[in-house]
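S.K.: Mind having a look at this structure? Questions to follow.
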Amino acid sequence: MKIRINQVIDLKPTSRIKTPQGFMICKDVTLAKPMVKEYYAGELGIVDGYEATDIINIYTPPDVLFGQPVIDGFTASDVVMQHPKGNQLTSDNYKEHVIGIAKNVRADNGYLIADLTIKDKWAIEAIEYEDSKQISLGYAAELDMTAGSTETGQAYHGQWVSMVADHVAVVREGRCGDDCKIGDRQTVINPEAKSMKVKIGNLEFDVGDNTTLAQAITAQSQELDALKGSELKVGDQAFSLSELTATQATIDKLVADNAALTELSTELEAKQITTEQIESLVADRVATISNAKKLNDKIVTDGKSSEQIRRDVITAKADDNLVKAIVGDSVVDADQSAIDTAFKALLATADSKQVIAADSALNGLNDKNVADGVEKPFDKTKMWEGAK
């Protein structure tokens with residue numbers, strides 16, 4: 001099975017030389033070494049017995065890496081900034097990617113090394129001042145999925161049996177060993193996708209190899225973290241903005257309390273008593289006390305409402321036939337309306353009795369008039385003139 005693949009190493013250690021023309025020559029750049037590297041199965045195409053997300057260990061043996069076809073292939077190969085689409089340089093994408101050339105490719109002390117000449121000004125500045133300091137080899141390779149182990153006993157699932165050089169790419173991020181920073185480029189399942197990691201909250205994401213996008217996302221994440229650390233004050237309570245549930249509950253309670261106060265205020269306004277109502281209540285109480293005294297001069301009125309005064313009067317006269325006819329046998333259980341009716345009835349009866357008594361007294365004077373000890377006929381025409 002033949003596929004196109006890339007492996008990533010660190011551009012350092014190198015010595016960098018600036019030419020009079022402004023080109024950068026990077027001497028003794030480490031390209032690769034024989035080793036077992038990890039790949040996602042999805043990077044290698046369809047591999048029988050493996051899912052795309054499975055990790056497979058693939059060995060690059062020294063006889064393949066240091067073989068003359070590989071050395072000759074990378075000698076005078078183009079250096080590009082980031083891998084081209086499909087991991088292959090063509091006449092269609094050459095102009096937008098190529099930034100230099102690789103020379104003097106050789107095996108040296110167990111490593112594949114080369115000298116790189118970088119000619120593009122923007123690429124030189126990226127290497128000097130930014131984070132594009134690592135190398136990724138682009139090549140086609142044939143994979144033999146026969147498991148085995150290296151001379152040092154490290155197991156692998158398969159190995160490269162041939163490599164055909166295509167280009168050398170300058171990239172931003174690689175994964176490599178401590179001795180020479182050799183390893184594969186940080187990969188995703190899609191081998192054409194170039195990625196870098198950004199962190200949002202507690203989660204890490206792979207995004208396209210776009211520094212501007214990554215910086216923007218990082219800045220937004222930092223602003224969000226700062227915002228979460230801020231406080232929101234509701235009344236005399238302070239909340240962290242991360243405590244959204246507690247904050248919302250407090251706000252909801254304040255809204256409910258405000259609605260209840262508004263309703264209570266409306267009720268109080270409706271029940272507010274006017275001057276005319278006060279005068280009417282005072283007049284009613286004065287009349288109630290006066291009438292109660294007529295019916296029961298011993299009634300106690302201090303500290304009692306008008307309703308209670310009338311009830312006390314009716315209670316005192318519970319045996320009265322008129323009272324029984326109106327309120328029944330139990331004054332205690334009687335409605336206030338029945339009490340008030342009985343009170344008015346007793347009052348009307350009392351007024352009638354006073355009138356009858358006055359008429360009786362006047363009629364008695366028709367029969368006799370005692371004056372000067374002598375009975376005289378009564379003359380109504382002269383009653384208001386006094387005795388003669």
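First residue of the sequence shown? That's 1 in the working numbering, and the numbers climb one at a time after it. The beta carbon of each residue, even a glycine, is placed where N, CA and C say it ideally should be. What you are looking at is a predicted structure, and each value in this text was computed from that prediction instead of being measured.
1) Look at the alpha carbon of Gly100 and the alpha carbon of Gln248, and state the distance between them as a whole number of angstroms.
2) Between Asp312, Lys253, Tyr111, which lies nearest to Pro34 when the distance is taken from Cα to Cα?
3) Among the candidates Asp92, Lys103, Gln88, Pro61, whose CA atom is the shortest distance from the CA of Phe74?
4) Given this structure, state the Cα-to-Cα distance separating Phe66 from Arg106, to the nearest angstrom.
5) For the candidate residues Thr117, Lys294, Glu43, whose alpha-carbon lies nearest to that of Cys26?
6) Helix or strand or just coil, what does DSSP make of Lys89?
7) Can you tell me the Cβ-Cβ gap for Ile113 and Leu31, rounded? I've got them flagged as a contact below 8 angstroms.
8) Kindly indicate which three-state DSSP category Gly328 falls into: helix, strand or coil?
9) Pull up the DSSP beta-bridge partners for Ile58, would you.
10) Report buried or exposed for Val188, applying the criterion of at least 16 other Cβ atoms within 10 angstroms of its Cβ.
11) What is the residue span of the alpha helix (DSSP H) that Arg310 lies within?
12) For Asn104, which of helix, strand or coil comes out of DSSP?
13) For the ligand SAM, any of its heavy atoms closer than 7 angstroms to the Cβ of Leu254?
14) Tell me whether Asn190 is buried or exposed, calling it buried when 16 or more other Cβ atoms sit within 10 Å of its Cβ.
15) Measuring CA to CA, which of Gly42, Tyr139, Glu96 is closest to Asp72?
16) Would you list the residues sitting across from Ile17 in a DSSP beta bridge?
17) Using DSSP's beta-bridge definition, name the partner residues of Asp319.
18) Would the beta-carbon of Tyr156 fall within 8 angstroms of that of Ile58?
19) Starting from Ala52, trace the alpha helix (DSSP H) both ways and give me its first and last residue.
20) Helix, strand or coil for Asp335 per DSSP?
21) Ends of the alpha helix (DSSP H) at Gly73?
22) Can you tell me which of Ile251, Thr60, Thr90 puts its alpha carbon nearest to the alpha carbon of Met145?
M.R.: The relevant details are as follows:
1) 60 angstroms
2) Tyr111
3) Lys103
4) 8 angstroms
5) The residue with the shortest Cα to Cα distance from Cys26 is Thr117.
6) For the record, residue 89 in the displayed sequence is Leu; it is not Lys. In the structure shown, Leu89 sits in coil (DSSP, three-state: anything other than H, G, I, E or B).
7) Contact holds; Cβ gap of about 6 angstroms.
8) coil
9) Per DSSP, Lys37, Gly158.
10) The pLDDT assigned to Val188 is 40, lower than 50, so where the model puts this residue is not dependable; a value taken from the coordinates is nonetheless given after this. Burial call: exposed.
11) Here the alpha helix (DSSP H) through Arg310 covers 306 to 316.
12) strand
13) Only the bare structure without any ligand can be found here, which leaves the ligand SAM out of the picture.
14) Low local confidence applies: a pLDDT of 45 at Asn190 is under 50, so the model's placement there is unreliable, with the coordinate-based value given in what follows. Exposed is the call here.
15) Here the closest residue by C-alpha is Tyr139.
16) Per the DSSP secondary-structure output, Ile17 pairs in a beta bridge with Ile25.
17) None; Asp319 has no bridge partner.
18) Yes; because the gap between Cβ atoms is below 8 angstroms, this pair is in contact.
19) Element bounds for Ala52: n/a, residue is neither H nor E.
20) coil
21) Segment 68 to 74, the alpha helix (DSSP H) holding Gly73.
22) Relative to the Cα of Met145, the nearest Cα in the group Ile251, Thr60, Thr90 belongs to Thr60.
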